[in-house]
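Taken in order, these protein sequences are the chains called H and W. Read in order, the letters of the first sequence correspond to residues 88 to 512 in our numbering. Read in order, the letters of the second sequence correspond to residues 88 to 512 in our numbering. A quick write-up on the structure given underneath.
Protein chains: 2
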Amino acid sequence: MKIYQNQSTDSLIADISSVTNQSIPEEINRRVAEIITTVQAKGDQALFDYSQQFDNVTLDTLQVAKATIQAAYNEVSPTVISALEKAVINITSFHEQEKRSGFVDMPKPGVIRGSKVTPLSAVGVYVPGGTAAYPSSVLMNVIPAKIAGVKRIVMVTPPQKTGIDPAVLVAADLAGVDEIYQIGGAQAIAALAYGTETIPQVDKITGPGNAYVAAAKRLVYGQVAIDMIAGPSEIGILADDSADANDIAADLLSQAEHDVLARAILVTNSTTLANNVEVALTEQLKTLPRKAIAQEAIDNRASIIIVPTVAEMFTIMNAVAPEHLEVQLPDPMQYLGDIQNAGSVFLGRYASEPLGDYLAGPNHILPTSGTARFSSALSVSDFQKHIQFTQYDQRALQEDYQDVAAIARQEGLEAHARAVEQRFN
Amino acid sequence: MKIYQNQSTDSLIADISSVTNQSIPEEINRRVAEIITTVQAKGDQALFDYSQQFDNVTLDTLQVAKATIQAAYNEVSPTVISALEKAVINITSFHEQEKRSGFVDMPKPGVIRGSKVTPLSAVGVYVPGGTAAYPSSVLMNVIPAKIAGVKRIVMVTPPQKTGIDPAVLVAADLAGVDEIYQIGGAQAIAALAYGTETIPQVDKITGPGNAYVAAAKRLVYGQVAIDMIAGPSEIGILADDSADANDIAADLLSQAEHDVLARAILVTNSTTLANNVEVALTEQLKTLPRKAIAQEAIDNRASIIIVPTVAEMFTIMNAVAPEHLEVQLPDPMQYLGDIQNAGSVFLGRYASEPLGDYLAGPNHILPTSGTARFSSALSVSDFQKHIQFTQYDQRALQEDYQDVAAIARQEGLEAHARAVEQRFN
């Protein structure tokens with residue numbers, strides 16, 4: 088872990104702003120391009136072949152049967168099912184407030200113009216397999232699409248010898264997924280982008296995956312929309328003397344256990360707190376099941392930054408633009424206006440970041456690697472589009488067509504001018 | 088021009104759905120990557136050097152002086168200035184209705200959660216030089232950013248031996264651009280993405296450009312946000328016997344004159360109209376200044392599709408997902424609900440498409456190449472982001488923390504569970 092102290096704000100910002108840019112190796116891009124071409128050419132057969140080759144699973148069918156999904160409820164503990172149900176309620180009530188609506192106006196007689204908001208027709212959600220099969224991510228991807236009004240929500244997830252994780256199936260069912268296919272990797276992304284005999288072509292693909300999935304999403308971008316290419320998880324914590332060092336250490340570790348590249352940053356005006364957090368981290372790390380991962384992330388990617396004032400704490404953190412930001416200061420809500428760049432903000436001692444990962448309601452699919460400067464949490468509007476419309480009658484165009492023609496000719500586009508003049512010839 | 092008749096809807100859709108995918112040649116990508124690296128390393132000096140090398144212009148300063156911008160008003164005809172002023176009013180009043188706002192709710196006592204909507208801090212707008220210097224595009228890019236509340240809007244445009252197009256300078260001034268720099272090509276995109284001594288780093292880059300500009304935007308995507316990589320212009324027209332063939336031909340040509348790759352498609356249930364439009368096209372083409380371009384686009388990229396019913400006309404057009412869509416049918420507003428995929432819709436005889444390019448108010452920066460399936464016109468929300476926030480107090484977390492821990496342990500993330508439990512230890 089790096090400790091920064093007695094350093095100017097500018098040099099601090101320069102030091103911490105270097106992000107890990109994970110470019111995809113050319114070899115992976117080449118292989119993924121080949122997989123995409125094969126799926127386009129051979130459809131379902133390619134999917135069966137790749138499942139055999141990459142997942143070592145011989146599939147009879149691609150679609151997961153309704154009975155399998157219903158049976159999954161018996162394999163998940165009632166405590167977890169009830170927690171997921173509570174999460175569905177909270178995520179739904181939060182995201183319903185994000186729904187956009189259209190508008191119409193008549194700026195003068197004879198003119199009607201507006202914007203019609205409509206959901207995407209079909210969306211595909213990728214859910215990783217194995218230990219990264221997160222039911223919570225299923226909820227976070229699917230519920231906003233459902234609220235947007237997407238008619239067909241398709242989930243894909245890699246086939247497993249022992250069957251798909253039942254908690255993932257339960258989450259998909261609770262969130263309202265329409266169809267689930269057991270297919271993973273670049274071949275699943277290709278199937279969603281171009282369609283096969285069984286799998287429908289979708290308009291947008293969301294959800295995280297390994298390097299092959301990320302490469303495939305980049306390559307099909309344009310053919311379909313994608314959410315983002317997520318980087319390693321990040322937490323930034325702003326805290327002063329009033330904060331509990333054990334709380335802060337625990338929250339830093341909750342991100343560090345995700346990934347050896349995860350980034351955990353504490354910015355404080357208290358040397359005492361900084362020291363106590365260091366001690367607490369060492370202590371808490373000892374008993375963590377994912378100690379090896381968390382330790383490596385803390386050693387190589389964590390930092391504690393000590394600056395003199397609260398104002399400087401915010402300046403530094405806005406430059407970091409963290410995915411998750413905790414404000415552990417007295418009366419934290421007052422600082423909401425000081426935050427320019429962050430994905431999701433957690434205010435006060437009891438808004439521990441994992442609360443947002445699972446239950447509070449805001450989305451946990453968030454901008455990473457500093458992209459919170461210009462992008463936002465996944466939301467309902469990511470599954471809506473708007474279509475503009477304009478109606479003019481004769482008297483309205485009569486008043487305006489000479490202005491249209493004047494600009495058109497200024498731009499050297501004579502056919503544009505003639506098109507409006509044509510109405511009055 | 089291709090004429091389709093007596094063909095099944097499915098096979099029609101298959102025939103017309105093949106879009107021109109313009110991938111960027113590897114040689115251009117390589118050179119652009121080099122330019123970006125050089126601008127990062129050498130800053131302003133690289134910009135002066137490249138302007139000499141590529142634009143053959145020796146610059147004294149990068150920024151266009153306020154006096155030059157004021158002087159431009161004397162070089163543009165008062166008719167054009169007044170038309171641009173009218174356009175500013177209409178574009179502003181339309182886009183003000185797109186502005187998003189945040190929300191806050193208290194789903195139970197002790198919980199405050201919400202979404203804060205905030206503008207991006209700085210935006211860069213690229214404006215091409217030469218004959219493609221369009222004042223209308225300046226308005227369409229800048230006004231939504233201004234309404235969003237972006238504090239710093241920076242315009243870049245290639246240096247010209249004879250000075251920047253005065254109409255572009257006037258449009259920039261009317262729209263409220265904060266700074267204008269005379270720098271173009273990949274070097275301008277690099278400067279905006281990484282910043283130089285003179286040019287500020289921005290959060291998002293919008294605006295069209297040549298292949299070098301497009302390649303540079305792709306390469307800096309992730310470091311900054313970009314709007315889109317626009318393809319050739321498109322118009323789709325739905326019309327029946329009641330439509331005027333000369334109007335339709337004129338509107339098809341208004342897109343065809345843009346680019347030899349522009350796409351113009353008429354879908355109709357009237358063979359008479361189809362024949363009359365063909366005749367009118369030939370006639371109108373004769374006297375067009377940009378005849379060579381328009382003729383090539385009409386010959387190679389235009390089509391007239393004849394189907395039996397109005398319902399099939401919409402099915403076909405939704406598969407095309409055109410950038411611009413004209414509905415030239417009686418009582419056109421009634422069909423707004425039939426339109427699933429289009430960038431901007433023009434209803435009725437007097438809503439000629441060029442009206443939307445310049446004056447009506449909706450944006451003319453629109454999804455092309457079928458991407459209207461999943462994307463939308465440039466809008467105010469492209470320059471806003473939302474930051475989620477969550478505050479819990481002790482009693483609220485007390486009620487929820489065991490659910491958080493249950494899901495966390497289900498996902499194998501013990502540190503997540505301990506972070507919330509830690510508050511009650």
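Ideal placement from N, C-alpha and C gives every residue a C-beta, glycine not left out. All of these numbers come straight from a predicted model, not from anything done at the bench.
Using DSSP with H/G/I as helix, E/B as strand and the rest coil, what is threonine 107 of chain W?
With a pLDDT of only 49 at threonine 107 of chain W, under 50, the local geometry of the prediction cannot be trusted, and no value is derived from it.
Short Cβ contact (8 Å threshold) for arginine 239 of chain W with alanine 447 of chain H:
no
When we look at the beta-carbon of asparagine 161 of chain W and count the other beta-carbons within 10 Å, is it buried (16 or more) or exposed?
exposed
Taking the alpha carbon of alanine 330 of chain H as the reference point, which residue from H:Asn116, H:Pro417, H:Thr218 has its own alpha carbon closest?
H:Pro417
For aspartate 192 of chain H, which of helix, strand or coil comes out of DSSP?
strand
Judging by CA-CA distance, which residue of H:Glu508, H:Gln288, H:Ile452, H:Asp327 is the nearest neighbour of glutamate 321 of chain H?
H:Ile452
Check whether the Cβ of asparagine 116 of chain H lies closer than 8 Å to any Cβ atom in chain W.
no
Please look up how many angstroms separate the CB atoms of glutamine 247 of chain W and glycine 272 of chain W, rounded, as I've assumed it's under 8 Å.
Glutamine 247 of chain W to glycine 272 of chain W, Cβ: 13 Å. No contact.
Touch check for the stretch 464-474 of chain W and the stretch 305-318 of chain H: three-plus C-beta pairs under 8 Å?
no
Closer than 8 Å to chain H by CB, threonine 107 of chain W
At threonine 107 of chain W the pLDDT is 49, less than 50, meaning the model places this residue with poor confidence; the figure from the coordinates comes in the next sentence. No, threonine 107 of chain W does not count as interfacial toward chain H.
Is it right to say alanine 92 of chain W is buried, meaning 16 or more other beta carbons lie within 10 angstroms of its own, or is it exposed?
Checking the displayed sequence, the identity of residue 92 of chain W turns out to be glutamine instead of alanine. Counting Cβ neighbours within 10 Å, glutamine 92 of chain W comes out exposed, since fewer than 16 surround it.
When DSSP builds the beta bridges, which residues end up paired with asparagine 242 of chain H?
One detail in the question is off: residue 242 of chain H reads as methionine in this sequence, not asparagine. DSSP lists H:Val212, H:Ile267 as partners of methionine 242 of chain H.
Closer than 7 Å at the beta carbon, the chain H residues around arginine 436 of chain W:
Arg510
Completely contained beta strand (DSSP E) runs for the stretch 282-350 of chain H, where each covers 3 or more residues
291-293, 321-326
Applying a beta-carbon distance threshold of less than 9 Å, which residues of chain W neighbour leucine 207 of chain H?
Arg460, Phe461
Going by DSSP, name the residue or residues bridged to phenylalanine 470 of chain W.
Bridge partners of phenylalanine 470 of chain W: none, in fact.
Please report the straight-line C-alpha distance between isoleucine 392 of chain H and isoleucine 90 of chain H, rounded to a whole angstrom.
6 Å
Indicate whether at least one CB of chain H lies closer than 8 Å to the CB of asparagine 218 of chain W.
Per the sequence shown, the amino acid found at residue 218 of chain W is threonine instead of asparagine. Yes, threonine 218 of chain W lies at the interface with chain H (some Cβ there is under 8 Å from its Cβ).
Determine which residues share a DSSP beta bridge with phenylalanine 476 of chain H and list them.
H:Gly201, W:Val432
Taking 8 Å as the cut-off, decide whether the C-beta atoms of tyrosine 137 of chain W and isoleucine 122 of chain W are in contact.
yes
Apply the 10 Å Cβ neighbour rule to arginine 436 of chain W and answer buried if 16 or more other Cβ atoms are within range, or exposed otherwise.
buried
Top-ranked residue by Cα proximity to isoleucine 352 of chain W, from W:Ala379, W:Glu413, W:Lys378:
W:Glu413
By Cβ distance below 8 Å, which residues in the same chain neighbour glutamine 481 of chain H in space, the five residues on each side in sequence not counted?
Gly197, Arg510
Have a look at threonine 96 of chain W and methionine 400 of chain W and give me their C-alpha separation to the nearest angstrom.
9 Å
Min CB distance alanine 447 of chain W to chain H below 8 Å
yes
Buried or exposed: where does lysine 291 of chain H fall if 16 or more other Cβ atoms within 10 Å of its Cβ makes it buried?
buried
Which residues mark the beginning and the end of the beta strand (DSSP E) in which tyrosine 91 of chain H is found?
89-92
Within 10 angstroms of the Cβ of glutamate 344 of chain W, are there 16 or more other Cβ atoms? Answer buried if so, exposed if not.
buried
Buried or exposed: where does serine 164 of chain H fall if 16 or more other Cβ atoms within 10 Å of its Cβ makes it buried?
exposed
For glutamine 415 of chain H, report the span of its beta strand (DSSP E) as first-last.
411-415
Option nearest leucine 134 of chain H by Cα separation, candidates H:Thr285, H:Glu498, H:Ala406, H:Gly430:
H:Thr285
Closer than 9 Å, Cβ to any Cβ of chain A: which residues of the stretch 464-485 of chain H, in chain order?
Protein chains H and W are contained in the structure displayed, whereas chain A is not.
Which class does threonine 179 of chain H belong to by DSSP, given the choice of helix, strand or coil?
helix
Are leucine 325 of chain W and phenylalanine 476 of chain H closer than 8 Å when you measure CB to CB?
no
May I ask which residues mark the beginning and end of the alpha helix (DSSP H) holding serine 224 of chain H?
222-235
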